[in-house]
Amino acid sequence: MLTLYRPGDGFWHRLPAGPTAAVLMVIVLGVCLLPVSYISAAIAAAVCVACYAVPGTGLRELVRQLSVARWILVVTAAGQLLFLGPEDAVANTLRVAAAVVLSGLLALTTPVSELLDALERALAPLALLRLDPQRAALVLAVTLNTLPVLAGLARDVREAQRARGGGRSLRHFAMPFLVLALKHADALGDALTARGMR
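This is the structure:
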């Protein structure tokens with residue numbers, strides 16, 4: 256499986272996978288439950304900065320994660336501005352940003368194998384409902400990695416366009432991006448099939 260993990264020895268790297276996932280999930284949930292206001296937007300931004308500012312991660316990585324998710328944030332902000340107004344747009348967009356960058360932090364600092372093991376243990380009660388905890392854990396791990404992988408593919412297509420002297424045409428971007436995304440999905444499907452997942 257394609258992994259975004261970057262080895263390191265910072266706080267988030269040393270924390271075991273289960274507690275890391277639990278802490279980040281609680282933080283995201285707490286940010287999402289704040290009332291809609293400019294103050295809650297500032298709190299969401301401060302929480303993200305604090306989580307990335309710890310030694311071993313860095314604010315440069317936070318900026319990179321936000322850059323990867325910029326189009327999601329632009330679309331979210333535009334929709335909120337159109338239907339709800341500026342305060343709601345700012346607060347809700349920063350909530351989405353917090354969820355994206357904190358899930359990115361989990362993927363960057365936790366090896367996929369450890370994350371799968373932790374998710375499998377957490378989802379073990381699903382076996383009582385005749386659901387396979389291994390499959391559920393794998394689906395969650397793949398989901399966590401999908402957005403950053405697609406963002407990386409989009410970046411590669413943009414860089415290839417620039418290298419060839421192409422403009423920023425959406426029409427010229429969409430087809431190569433779609434081909435790469437489908438190739439990635441195909442490779443992921445083949446990898447899962449090879450491991451006995453159907």
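Mapping of the sequence shown onto my numbering: residues 256 to 453, in sequence order. Glycine included, C-beta positions come from ideal geometry on N, C-alpha and C.
Going by beta carbons, residue 309 and residue 267 fall inside the 8 Å limit. Residue 409 holds the alpha-carbon nearest to the alpha-carbon of residue 434 among 420, 341, 409, 449. Of the residues assessed, residue 359 falls on the buried side of the cut-off, its CB having 16 or more other CB atoms within 10 angstroms.
Note on geometry: alpha-carbon atoms of residue 261 and residue 321 lie some 17 Å from one another.
If you draw a straight line from the Cα of residue 275 to the Cα of residue 384, it is about 27 Å long. Secondary structure of residue 297 (DSSP, three-state): helix. At a cut-off of 4 residues, the continuous stretches assigned as alpha helix (DSSP H) that sit fully inside the stretch 262-314 are 266-269, 272-287, 293-308. Cα atoms of residue 269 and residue 448: separation of roughly 32 Å, rounded to the nearest angstrom.
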